[in-house]
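In our numbering, the protein residues as written are 1 to 81.
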Amino acid sequence: MEISVVNIGNSKGIRLSKTILEKYNISDRLELLLEKGYMILKPKAEPRKGWEKSFKKMHENGDDKLLMNDVFDDETFEEWK
């Protein structure tokens with residue numbers, strides 16, 4: 001795909017179509033990678049964005065209980081000594 005470089009004040013930039021922005025889930029920020037003669041643009045990942053709010057809601061709903069015990073009844077810790 002060929003795109004034009006446009007003037008933005010004293011700088012230059014590129015425009016991405018709405019279709020590309022939606023397809024690749026691009027909102028405000030991109031990560032620019034420079035590798036062997038290539039410039040790679042990828043969405044800026046925020047893998048834990050919103051977790052705090054979700055965990056708080058889980059706690060308020062009582063959904064933050066363990067699904068299984070973290071120590072089994074037949075487990076011994078002798079091997080760790």
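Heads up, the beta-carbon is just placed ideally off N, CA and C, and yes, glycines get one too.
Only residues of its own chain outside the window of five on either side were considered, and among them none has a CB closer than 7 Å to the CB of E52. For the 8 Å CB-CB criterion, L41 and L30 form a contact.
Closest in alpha carbon position to E46, among M1, D74 and I26, is I26. Taking the Cα positions, G13 is about 30 Å away from G50. For L34, the enclosing beta strand (DSSP E) stretches over residues L30 to E35. DSSP lists N7 as the bridge partner or partners of K12.
Within the model, the alpha-carbon separation for K18 versus L66 is close to 43 Å.
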